[in-house]
Amino acid sequence: MGGVVLLVLVVLAVAAFVVVRRRSREAAAERAAAELEPVKKLAFEDVTALGVELQDLDIELAGKPLDEGANADYQRALDAYEAAKTAADAITRPEQVQDVTKILEDGRYAMACVKARVAGDPLPQRRPPCFFDPRHGLSVDDVPYAPVGGAERQVPACALDAERVRAGAEPDIRQVMVGTQRVPYWQGGRAYRPYAAGYFGGFGPLDWIFMGFMFEGLGDGLGALAAGVGDGMGDVFDGIGDLASGIGDGIGDVFDGFDF
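Counting with our numbering, you get residues 2 to 261 for the letters of the sequence shown.
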């Protein structure tokens with residue numbers, strides 16, 4: 002009889018393990034989908050913004066002769082736009098957004114080179130995009146900035162945002178939705194880190210700046226992350242409850258089969 006009971010317990014334990022693992026995977030897939038949609042939407046908005054900028058540039062260049070270098074840079078910007086659209090369409094995980102924003106950063110630099118060549122100016126220094134909203138294009142300077150709850154750091158800014166910060170005004174910050182609130186994109190949580198990494202990861206220490214901004218006392222993003230962890234733990238404990246219930250039922254069935 003002891004062997005039968007042990008066999009039943011083993012079967013029930015294996016079944017409960019399968020249930021817990023399946024529920025954990027389902028919960029993880031739901032969280033991943035919830036994280037993916039807003040950041041994917043953000044990437045598509047940035048691709049669209051680059052397309053609009055290219056249309057404006059085309060109007061600006063109408064009737065102006067382009068030398069070989071300007072033509073090459075212009076083609077590079079057009080190629081970047083097409084490549085970014087393709088990469089955005091292929092996004093299935095939040096980390097793939099980095100591929101899109103990296104391409105967009107290169108496309109905007111190519112556009113800046115075209116404008117400089119046409120104006121007869123030196124090619125611009127390869128600087129990171131504006132921290133406050135990468136769609137603003139190349140930064141022109143670094144300015145001190147401290148988000149709510151964070152330490153002050155030097156961040157790259159476009160001319161307009163640099164002027165705003167130095168005047169004590171609020172910069173034009175890219176906002177995203179977290180739950181029912183709009184917050185700066187760097188407060189969006191872990192799913193938005195690849196978005197920033199694509200734009201700024203090629204500039205070395207800036208990546209650490211974003212780690213600080215995204216994980217240093219910024220409650221909204223961390224709250225969303227904590228909620229996800231809590232949901233996952235809830236699934237695990239639900240599975241454990243099912244295991245205990247299943248074991249109890251199984252033992253009852255075993256002993257029901259014996260006449261003492």
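Cβ coordinates follow ideal geometry from the N, Cα and C atoms, glycine included.
Residue i: first and last residue of the uninterrupted beta strand (DSSP E) it sits in
i: Q176; result: Q176 to V179
i: R94; result: Segment: none, R94 is in no beta strand (DSSP E) and carries neither H nor E.
i: Q182; result: Q182 to P185
Counted within 10 angstroms of its Cβ, other Cβ atoms place residue i as buried (16 or more) or exposed
i: P195; result: buried
i: A64; result: Going by the sequence as given, residue 64 is Gly instead of Ala. By the neighbour-count rule (16 or more Cβ atoms within 10 Å), G64 is not buried but exposed.
i: E106; result: buried
i: K41; result: buried
i: Q99; result: buried
i: G108; result: buried
i: A120; result: exposed
i: P123; result: exposed
i: I104; result: buried
Whole-Å CB distance - residue i paired with residue j, under 8 Å assumed
i: C159; j: H137; result: 4 Å
i: P129; j: Y200; result: 7 Å
i: T102; j: P135; result: 7 Å
i: D173; j: Q155; result: The Cβ separation is near 18 Å, so there is no contact.
Delimiting residues of the alpha helix (DSSP H) encompassing residue i
i: R136; result: Neither: R136 is in no alpha helix (DSSP H) and is coded neither H nor E.
Assigned secondary structure, residue i (DSSP; H/G/I helix, E/B strand, else coil)
i: F162; result: A small correction: the amino acid at residue 162 is Asp; Phe does not occupy that position in the sequence shown. DSSP places D162 in helix when its eight states are reduced to three.
i: Q126; result: coil
i: D143; result: strand
i: R194; result: helix
i: V255; result: With a pLDDT of only 42 at V255, under the threshold of 50, the placement of this residue in the model should not be trusted, and no figure is reported.
i: P172; result: coil
i: V19; result: helix
i: P39; result: helix
i: V101; result: helix
i: V119; result: helix
i: V149; result: coil
Any non-hydrogen atom of the ligand MN within 6 Å of residue i CB
i: P123; result: As for the ligand MN, it is missing from this structure, which has no ligand bound.
If you pair each beta-carbon of the stretch 68-77 with each one of the stretch 13-20, do three or more pairs fall below 8 Å? no
Counting Cβ pairs, one atom from each stretch, are 3 or more of them under 8 Å apart for the stretch 50-59 and the stretch 183-202? no
Examine the Cβ distances between the stretch 72-83 and the stretch 163-179 and report whether three or more of them are shorter than 8 Å. no
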